[in-house]
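Note that our numbering has the sequence shown beginning at 20, numbered continuously upward. Everything below concerns the one structure shown next.
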Amino acid sequence: DAPETKGDRHFVTALARGLDVIACFRRGETFLGNNDIAERCKLPRSTVSRLTYTLTKLGYLHYKEDIGKYRLGTALMAIGSTA
């Protein structure tokens, strides 16, 4: 956690981590695996696995089973078009 969020009872760390996972996808990159995400977010792989599972269940990520990697999901397009 960033120093400015420590002790802030209104800050939801799990939500911040989930948004970090989404934000680690960069222009021109279609797929990332849990290892890639863990390195970029500086989070344990077990945490990333739970986050990617949850984000996939909610439609924010899509898992491509044949390559074992994730891409951004359609639920993000709905948010983007609203914004």
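Backbone N, C-alpha and C fix where the C-beta goes; we use that ideal spot for every residue, glycine too.
Query, Result
"Can you tell me whether Thr80 is helix, strand or coil according to DSSP?", "At residue 80 the sequence reads Leu, which differs from the Thr that was named. In this structure, Leu80 counts as strand in the three-state DSSP scheme."
"Run through the DSSP bridge pairs and tell me what Lys88 is partnered with.", "Lys83"
"Can you list, in chain order, the residues of its chain with a C-beta nearer than 7 Å to that of Asn53? Leave out the 5 residues immediately preceding and following it.", "Arg64, Val67, Ser68, Thr71"
"How far does the alpha helix (DSSP H) with Ala33 in it reach, from first residue to last?", "32-42"
"Taking buried to mean at least 16 other C-beta atoms within 10 Å of its own C-beta, is Ile98 buried or exposed?", "exposed"
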